[in-house]
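Residue numbers (this note's numbering): 475 to 751. Have a look at the structure below before the remarks.
Shown next as structure tokens:
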């Protein structure tokens, strides 16, 4: 469960405090591309500290160097169109090679929030998103968004393609193509806003797994099986839709996954043949 924040304008109001909220929520890497950069900045956090709680649970405390965050915000985000990704790893190594956004060529960058299945899990070193980025970089650009839109419909997450395009003044404008994101009043697209809340505390997704209201959960204690991750993604989808019928459908399917019930059809199969390379 990652996050994407992006803007195609330089007058957004995404601020330094929110950058730190993202950094403190996603422990496996921050990636930033903007109109001020020639290539993405990719950051790994300082060593994670474990803090005790009153109930004997340990809590992960993710920290990035605050001076580095200051520099990144001032030079790459403030007053710039930008693309930001916070990573919560599910596949692949925790290293800079798997930090989004990924370069597709021609000043085009790609980020993903979700979990892919099929051919995208067949490498222990690369994340599913990194493998998909390699596919997208090789394919006809015209095919990219129809393919990503279909993946979103099939429950594989949310996607952004962020591209710098030279204008008549010989400067760059930014074009964003996205699936599943919400444009907020601050001028930014969000795949979700979980960084603004404590998902590991009372009332969050952890309660669905039977944890007590006053327990703070170590991320290592979260279910790691594929079915549970898929259920979390469905709950995320439920929170993102306004239609109550669709919301109930997502929640019902998530509950079925958590109970271990078999789905009537494979929603997350191998869809690699949908795109030409």
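We put the beta carbon where it would ideally sit given N, CA and C, even for glycine. Being a predicted model, the structure only gives us computed values, none of them experimental.
Does the beta-carbon of residue i have 16 or more other beta-carbons within 10 angstroms, so that it is buried, or is it exposed?
i           : result
residue 727 : buried
residue 676 : Because the pLDDT of residue 676 is 33, which lies under 50, any placement of that residue in the model is unreliable, and the question is left without a value.
residue 587 : buried
residue 488 : buried
residue 775 : Nothing about residue 775 can be read from this structure; the chain reaches only from 475 to 751.
residue 506 : buried
residue 479 : buried
residue 476 : buried
residue 669 : buried
residue 638 : buried
residue 685 : Any reading at residue 685 is ruled out, since the residue's pLDDT is 39, under 50, leaving its predicted position unreliable.
residue 565 : buried
residue 559 : buried
residue 642 : exposed
residue 529 : Because residue 529 carries a pLDDT of 42, less than 50, the predicted location of this residue cannot be relied on, and the following value inherits that uncertainty. The residue is exposed, with fewer than 16 neighbouring Cβ atoms inside 10 Å.
residue 633 : buried
residue 482 : buried
residue 640 : exposed
residue 556 : buried
residue 655 : buried
residue 697 : At residue 697, the pLDDT of 49 sits below 50, so the modelled position is not reliable and the matter cannot be decided from this model.
residue 485 : exposed
residue 627 : exposed
Would the beta-carbon of residue i be found less than 7 Å away from any heavy atom of the ligand FMN?
i           : result
residue 608 : Ligands are entirely absent from the displayed structure, and the ligand FMN is therefore not among its contents.
May I ask which residues mark the beginning and end of the alpha helix (DSSP H) holding residue i?
i           : result
residue 605 : 602-612
residue 480 : Where residue 480 is concerned, there is no enclosing alpha helix (DSSP H), although the beta strand (DSSP E) it sits in stretches over 477-481.
residue 511 : First-last for residue 511: undefined, no H or E at that position.
residue 484 : Premise fails: residue 484 is in no alpha helix (DSSP H) and is neither H nor E.
residue 498 : 490-499
residue 543 : 540-546
For residue i, which beta-bridge partners are listed by DSSP?
i           : result
residue 656 : 664
residue 517 : 504
Taking the continuous beta strand (DSSP E) assigned at residue i, which residues delimit it?
i           : result
residue 585 : 582-587
residue 558 : 556-560
residue 504 : 504-508
residue 578 : 576-579
3-residue-minimum beta strand (DSSP E) runs that sit fully inside the region 624-653, ordered along the chain:
632-640 and 646-653
Contact the region 570-577 vs the region 595-605: 3+ CB pairs below 8 Å
yes
Counting pairs of Cβ atoms below 8 Å between the region 481-498 and the region 574-583, do you hit three or more?
no
Three CB pairs or more closer than 8 Å across the region 656-673 and the region 602-621:
no
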